[in-house]
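In this note's numbering, the protein residues as written are 4 to 384.
Even glycine gets a Cβ: it sits at the ideal position worked out from N, Cα and C.
To keep things clear, I will list the structure first and then write my remarks on it.
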Amino acid sequence: MDVDQLRDGLGNTALALRGYNVRNLGRSQELLEHERYGPRVARWLKEGSQIASELLSRPVDLVGQVNSGRETTLESYAEAVALVMTMELAQLEILQEEFEVDYQQCQLGFGYSLGEITALVAAGVFSFGDALSVPLLLAEDCVALAEDVTLGVLFSRTESIDRESVDRGLLAINQQGKGVVGISAELAPNTLLLMGQADSLERLRDLLCEEKPRQVVLRKNKDRWPPLHSPIMWQRNIPNRAAQTMLTLESGITAPSFPVLSLVSGGLDYGESNCRDLLHRWVDHPQRLWEAVYETLKMGVETVIHIGPGPNIIPSTYQRLSANVETHNESNLGMRLLSAVAQRPWLKKVLPERTALLRAPTIQHLILEDWLLEQGVSESE
């Protein structure tokens, strides 16, 4: 996709911003070393370092970290948060200032986890410093809670997961008092991201398998993760402390300059007066990623720009959905016809609402850091 196509298609473009991951550098070092982009990236990294240093009362050097190619760790979670947010904003500035692509004209924006906060900065709701203060002031406790937390993916190969059954299971396991388990994200109708203390994930799986044998599979991740968007955050009163921090922020009382999807609610619900309330719920409520992806399809988005260092979870969610739709269509003539009809807006309105999912294979995806570096190469040749 060239610059003109990007500009012309903004009215049907969604901005998708990534969250924290175990790897957070992406291609940031290349952007920092780039002759054209480097000064802008360095300025953003210095600003992020200064804000983080003041909030954490210790030196933070994001420029040095990116220059050295040193990946973040759980112990440097605060630096990772600052790095991801800083690089997302730097990438957006490069897009706007170097290529005159006014991202404010996009159809909508959304972000997974931390990315939602950055989306609100990009939309002019919060200042960078105010937005960064909320996760950074709570970072130390998030790291401490991660010590006994395992991330797991619960999925079904054959059908949608029965949420009522899962919710009953969560209540039963948590009542045992041997570690808290909760849903952190809804990735698809058949896939949930869970956070659990001690062996609570295994006990939940065993309980669900007693009810429906061989219906669900649990895959555990070997890395340690801050238990964001789960009830484990209650143990150090993190949601209420985040709300207390937001009470005195100077920014956060204006509506977004472009529509922002909330992964707390799954809808375009940010307005002038509720931004702080939604971010309060963001701390311990599951991320409704599937609903957000569906909303983009229903609203007619044609291009998704993935922003941040090495974006992963949002692109992979679209890719899985697209692959599933294509596989289903290949074996079903009726579905192929419906897929074609889904491209005709006048007729789409009279079809079942979820027909919008059939649009998934037609969406164009652009990884912004890759695109920026490709433009730099093409111009120098």
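Starting from M198, follow its DSSP beta bridges and name the residues at the other end.
Numbered from 1 along the sequence shown, position 195 holds the residue referred to as residue 198. BP columns for M198 point to L154, G185.
Residues near F158 in its chain [Cβ-Cβ closer than 6 Å; skip 5 each side]
Within the sequence shown, residue 158 is the residue found at index 155, counting from 1. Counting only Cβ-Cβ distances below 6 Å, and skipping sequence neighbours, we find N193, T194, V220.
I need the straight-line Cα distance from L9 to L207, nearest angstrom please.
In the sequence shown, counting from the first residue as 1, residue 9 sits at position 6. In the sequence shown, counting from the first residue as 1, residue 207 sits at position 204. Distance between the alpha carbons of L9 and L207: 46 Å.
Candidates S233, L98, T75: closest to L173 by CA position:
Sequence index remark: in the sequence shown, residue 173 carries index 170 (1-based). Measuring from the Cα of L173, the nearest candidate turns out to be S233.
Given I2 as reference, the closest of P259, G255, T16, L197 once Cα atoms are compared:
The requested residue 2 is not part of the displayed model; the chain covers only 4 to 384.
Going by DSSP, what residue range makes up the alpha helix (DSSP H) through L95?
Along the sequence shown, read from residue 1 onward, the residue named residue 95 stands at position 92. Counting along the chain, the alpha helix (DSSP H) containing L95 begins and ends at 80-102.
Can you name the start and end residues of the beta strand (DSSP E) that H309 belongs to?
Within the sequence shown, residue 309 is the residue found at index 306, counting from 1. Counting along the chain, the beta strand (DSSP E) containing H309 begins and ends at 306-310.
Do Q290 and S79 have their C-beta atoms closer together than 8 Å?
Here residue 290 refers to the residue found at position 287 when the sequence shown is read from its first residue. Here residue 79 refers to the residue found at position 76 when the sequence shown is read from its first residue. No, these two residues do not count as a Cβ contact at 8 Å.
Using only alpha-carbon positions, find the residue among L292, R362, A201, I120 that is nearest to G182.
Residue numbering aside, residue 182 sits at position 179 when the sequence shown is read from its first letter. Residue nearest to G182 within the set L292, R362, A201, I120 is A201 (criterion: CA-CA distance).
Less than 8 Å separating the beta-carbons of P259 and G127?
Sequence index remark: in the sequence shown, residue 259 carries index 256 (1-based). Sequence index remark: in the sequence shown, residue 127 carries index 124 (1-based). Taking the C-beta atoms as reference points, G127 is found nearer than 8 Å to P259.
What would DSSP say about A17, mapped onto helix, strand or coil?
As a first step, residue 17 is located in the sequence shown; it is residue number 14 there, counting from the start. Three-state DSSP puts A17 in a strand.
Which residues DSSP lists as bridging I370, in chain order
If you number the sequence shown from 1, residue 370 lands on position 367. The partner list for I370 (beta bridge, DSSP) reads H309.
Compute the Euclidean distance between the alpha carbons of L95 and A125, then round it to the nearest angstrom.
Looking up residue 95 in the sequence shown gives position 92. Looking up residue 125 in the sequence shown gives position 122. If I take the Cα positions, the gap works out to 8 Å.
Residue burial classification, M88 (beta-carbon count within 10 angstroms, cutoff 16):
Indexing the sequence shown from 1 puts residue 88 at position 85. Classification of M88: buried, given that the 10 Å Cβ count is 16 or more.
Residue range of the beta strand (DSSP E) that includes L111:
Here residue 111 refers to the residue found at position 108 of the sequence shown. Unbroken beta strand (DSSP E) run through L111: 111-114.
Have a look at the DSSP bridge pairing and note the partners of A191.
As a position in the sequence shown, residue 191 is number 188, starting the count at 1. A191 is bridged to T194.
Leaving out five residues before and five after R284 in sequence, what residues of the same chain have Cβ atoms less than 7 Å from its Cβ?
As a first step, residue 284 must be located in the sequence shown, where it is residue number 281. So the list reads V267, once near-sequence residues are dropped.
Hey, L48 and Y40: beta-carbon distance below 8 Å or not?
The count along the sequence shown starts at 1 and reaches residue 48 at position 45. The count along the sequence shown starts at 1 and reaches residue 40 at position 37. For L48 and Y40, no; Cβs fall outside 8 Å.
Between A134, Q107, Y106, D105, which lies nearest to G118 when the distance is taken from Cα to Cα?
Reading the sequence shown from its first residue, position 115 is the one you call residue 118. Cα-wise, what sits closest to G118 is A134.
By how many angstroms is the C-alpha of C212 removed from the C-alpha of V6?
Taking the sequence shown and counting its residues from 1, one reaches residue 6 at position 3. Taking the sequence shown and counting its residues from 1, one reaches residue 212 at position 209. So the alpha carbons of these two residues sit roughly 51 Å apart.
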